Amino acid sequence: MGKRRAGDRRPNRQRAAEPVAPGLEVGGPGRLAAQARQAQAARDRGSAAAPPRRTLLPEAAGAPCAARGRSSLHGRLSPAQHDLAALAAPVPDRARRRAGDREQDGAGGRGLRHRDPPALPRAGLAGGRRQHLQPRAPAQRPGGGRPELIVDLHAHYPMHLVPPDDGTLIDLLSTARGRRRLRDRVRARLIGLASRFGNYRSFESGPRVTMPQLRDGHVGVALSVVYSFFDEVDLDVPYGAPPAAGYLPRLMRQLDTVEADIAERHADEAAVVHDRSALDRELGNGRVALVHCVEGGFHLGATPEEVDRAVTRLAERGVAYIVLPHLMWRGVATNSPALPFLPDWLYRVLFHQPRLGLSELGTAAVRAMVREGILIDLSHMSTRTLEDTFALLDELDPDRRVPLIASHSAFRFGRQEYGIDEETVRLLAGRDGVVGLIFAQHQLNDGVRRRPTKSFEESFEVICRHLDRIAEITGSHRHAAIGSDFDGFIKPTMGGLESMSDMARLERALRDRHGAEDAERICSDNALRVLRAGWGAR
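Take the sequence shown: its position 63, counted from the start at 1, is 63 in the numbering used here, and no numbers get skipped.
Spelled out as structure tokens, the structure:
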């Protein structure tokens, strides 16, 4: 531990405890998320009240490190070593994180936490030194015309975030709530380490979905997907076991972490929007709009009643869509194989699934989603699950007013079940839905080319094969969109499309190939149309 510097004040440990609601204690992500939503609501109502001042936090670009300011060796450690050290490092005392504490930056500089207002906990781990940026107007096209706007239907922004500290290690271990938070933090650190192999271009390069990259790529709307890997592959239960009761609370804490990160570090350049009207207000002001989404119906509950209540809670939090199946069978809906290192036939041998589509839990989820206005995402669905979903929708919505999406998918040129076939494209278009193209070599190249793409030009030709085939089936480019799945463990990604920064180049290429109108449809208009028609519609 580094020595306390002259001038640092020791915290007063005799603070009077005030009773607060569970999950909303001072410095906790629930309280921060609630404050962020209240501030956003005030801005939406046109309130004249000034937003709270934000805290400046020193960060090293792309270097997750919970031990920053706690080790004199910080400047000599690599980002990977920081991740490993952070797992064993003691959690900083809550009082030391109070406003007024001065902390030494690991690179030798100094960061000041302002005394007013109270400091927010550090929720984010990537993206470079904090900067106060003015909202940027959407980039204008050369020669005039509508400003560039790109919508990504499936981006894993939360993948690089770690829940904030809350008390000493002893404090955390002494309470059930503290142990849950410590486990959340350790799991997030492990995901961060795994991301260096399965997401990052190189071990040290950093995430593909950060706020600077979103801005550089002119991405104005990102559907921010939350997902708990350790709950899907829960080693405490047999394979295929139904969901456990603790999955949903962890998912809700992930939503809190995202909102706390935006409120703390990016409030001047991004906002989490919770409904269609808030989305429309953000579209023209230059800030990035993040929309909550959920991947995996296993988060929802173990009984139809629990699933129904969970969907209602998620709708209240502004979740736009839910992907019911994901990587393996968890008692909700059968999935199509999607692991890039396993061919479909081998996946089916290793991960057996029952011969059905939607289970009782999956059926309850679809019914609740239609009722609450949460879009149904067809991605990852097996053929049987697709059949059951369309049949149930015809029963619940015979007029076909409920639109559908396949947020991160592809047309099935080859044999992979993950891609959607011609009949599914027609059924989806019959509900005025969209297919978001995933930027994974494994899915896009199947049946199109044998070797991975190495350049943007090669990747663009593959993407256009999918776009043009969907247009041939539906009669126009009205039903295609972008759903990159960046930071969703899809490595290798398409050559030349390595991060959100490359989205602007894709938009320009589509404009040159297909014209301005179709490029705007693919990059933004189609996705926005479906969100406005289905998100929150009851």
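Yeah, the Cβ is synthetic: ideal placement off N, Cα and C, and Gly gets one too.
In this text the structure is predicted, and so the values were computed from the model without any measurement.
Quiz item: With 16 as the cutoff for other CB atoms within 10 Å, does Gly536 come out buried or exposed?
Solution: Burial call: buried.
Exercise. Work out the CA separation of Gly246 and Ser72 for me, nearest whole Å.
Key: Low local confidence applies: a pLDDT of 37 at Ser72 is under 50, so the model's placement there is unreliable, and no value is given.
Practice problem: Specify, as a first and last residue, the run of the beta strand (DSSP E) that Ile376 falls within. | Solution: Run containing Ile376: Leu375 to Asp377, per the beta strand (DSSP E) assignment.
Quiz item: For the 8 Å Cβ check, are there 3 or more pairs between the segment 436-449 and the segment 493-510?
Solution: Touching, yes, given that three or more Cβ pairs across the two stretches are closer than 8 Å.
Exercise. Just the C-alpha distance for Leu428 and Val434, rounded to the nearest angstrom, thanks.
Key: Cα-Cα distance, rounded: 7 Å.
Quiz item: On the three-pair Cβ rule with 8 Å, is the segment 248-267 touching the segment 219-227?
Solution: Contact holds between the segment 248-267 and the segment 219-227, because three or more Cβ pairs, one in each stretch, are under 8 Å apart.
Quiz prompt | As assigned by DSSP and simplified to three states, the class of Val272 | solution = Reduced to three states, the DSSP call for Val272 is strand.
Practice problem: Measure the alpha-carbon distance for Val288 versus Leu510 and round it to whole angstroms. | Solution: Rounded to the nearest angstrom, the two C-alpha atoms are 22 Å apart.
Quiz item: For the 8 Å Cβ check, are there 3 or more pairs between the segment 380-400 and the segment 342-350?
Solution: Because the criterion of three Cβ pairs below 8 Å is not met, the segment 380-400 and the segment 342-350 do not touch.
Quiz item: Which value, in whole angstroms, describes the spacing of the CA atoms of Arg183 and Val530?
Solution: Arg183 and Val530: Cα-Cα distance of roughly 37 Å.
Practice problem: Note down, in chain order, each residue of its chain lying with its Cβ closer than 7 Å to the Cβ of Asn526, except the 5 sequence neighbours on either side. | Solution: Hits under 7 Å: Val434, Arg478, His479, Ala480 and Ala481.
Exercise. Could you name the residues that DSSP lists as bridge partners for Met381?
Key: The secondary-structure analysis by DSSP pairs Met381 across a beta bridge with Asn335.
Self-check item: Through-space distance from His326 to Gln443, alpha-carbon basis
Solution: Taking the straight line joining both Cα atoms gives about 15 Å.
Practice problem: Identify, in the order they occur along the chain, each residue of the same chain with its Cβ nearer than 8 Å to the Cβ of Ile376, setting aside the five sequence neighbours on each side. | Solution: Cβ within range, chain order: Tyr321, Ile322, Leu324, Val366, Met369, Val370, Thr389, Leu393, Val402, Leu404 and Ile405.
Quiz prompt | Inside the segment 426-455 only - alpha helix (DSSP H) runs reaching at least 4 residues | solution = Runs of alpha helix (DSSP H) with 4 or more residues, each lying fully within the segment 426-455, are found at 441-444, listed in chain order.
Quiz item: Where DSSP assigns a beta bridge to Ser224, which residues make up the other side?
Solution: Here Ser224 is bridged, per DSSP, to Ala155 and His292.
Quiz prompt | Cα-Cα separation between Asp502 and Arg215, rounded to whole angstroms | solution = Spanning the two alpha carbons is a distance of roughly 11 Å.
Quiz item: Would you call Tyr239 buried or exposed, if buried means 16 or more other Cβ atoms sit within 10 Å of its Cβ?
Solution: Exposed is the call here.
Practice problem: Going by CA-CA distance only, name the one from Ala410, Leu283 and Gly217 that's closest to Ala541. | Solution: This structure does not reach residue 541, given that the chain is present from 1 up to 538, and the question cannot be answered.
Quiz item: So who's on the other strand from Ala481, going by DSSP bridges?
Solution: Partner(s): Gly436.
Practice problem: Please say whether Cys464 and Ile150 have beta carbons closer to each other than 9 Å? | Solution: No, Cβ-Cβ distance for Ile150 and Cys464 is not below 9 Å.
Self-check item: Where Ser359 sits in the DSSP three-state scheme
Solution: Three-state DSSP puts Ser359 in coil, outside helix and strand.
Quiz item: To the nearest angstrom, how far is it from the Cα of Glu457 to the Cα of Phe486?
Solution: The straight-line gap separating the alpha-carbon atoms of Glu457 and Phe486 is approximately 19 Å.
Self-check item: CB-CB length for Val291 against Val273, believed under 8 Å
Solution: The beta-carbon separation of Val291 and Val273, rounded to 6 Å, stays under the 8 Å limit for a contact.
Quiz item: What number of angstroms, rounded off, separates the C-alpha of Glu507 from the C-alpha of Thr424?
Solution: For Glu507 and Thr424, the distance between alpha carbons rounds to 26 Å.
Exercise. With DSSP as the reference, please indicate the residues paired to Phe411 in a beta bridge.
Key: Answer by DSSP bridge pairing, in chain order: Ile420.
Quiz item: Any idea which residues DSSP pairs Tyr321 with across the strands?
Solution: Its beta-bridge partners are Leu375.
Quiz item: With C-beta atoms as the reference, is Gly447 less than 9 Å away from Gly419?
Solution: Yes, these two residues count as a Cβ contact at 9 Å.
Exercise. Might you give, ordered along the chain, the residues of its own chain that have their beta carbon closer than 6 Å to the beta carbon of His466, omitting 5 neighbours on each side?
Key: So the list reads Ala410, Phe411 and Leu437, once near-sequence residues are dropped.
Quiz item: Asp231: buried (16+ other C-beta within 10 angstroms of its C-beta) or exposed?
Solution: Classification of Asp231: buried, given that the 10 Å Cβ count is 16 or more.
Quiz prompt | Gly296 versus Ala241 - alpha carbon distance | solution = Their backbone Cα atoms lie some 14 Å apart in a straight line.
Quiz item: By the 10 Å Cβ neighbour count, where 16 or more other Cβ atoms means buried, how is Pro337 classified, buried or exposed?
Solution: Residue environment analysis places Pro337 among the buried positions, since at least 16 neighbouring C-beta atoms fall within 10 angstroms of its C-beta.
Self-check item: Member of Arg250, Arg450, Asp512 and His156 whose CA lies at the smallest distance from the CA of Pro207
Solution: The closest CA to that of Pro207, considering only Arg250, Arg450, Asp512 and His156, is found on His156.
Self-check item: Own chain residues within Cβ distance below 8 Å of Ala270, not counting five before or after
Solution: The answer, listed in chain order, is Met211, Leu214, Ile262, Arg287, Val288, Ala289 and Leu290.
Practice problem: Give the secondary structure of Val219 by DSSP, where H, G and I count as helix, E and B as strand, and everything else as coil. | Solution: Looking at Val219 - three-state DSSP - the assignment turns out to be strand.
Exercise. Please classify His299: is it buried, with 16 or more other beta-carbons within 10 angstroms of its beta-carbon, or exposed?
Key: When all chains shown are included, His299 counts as buried.
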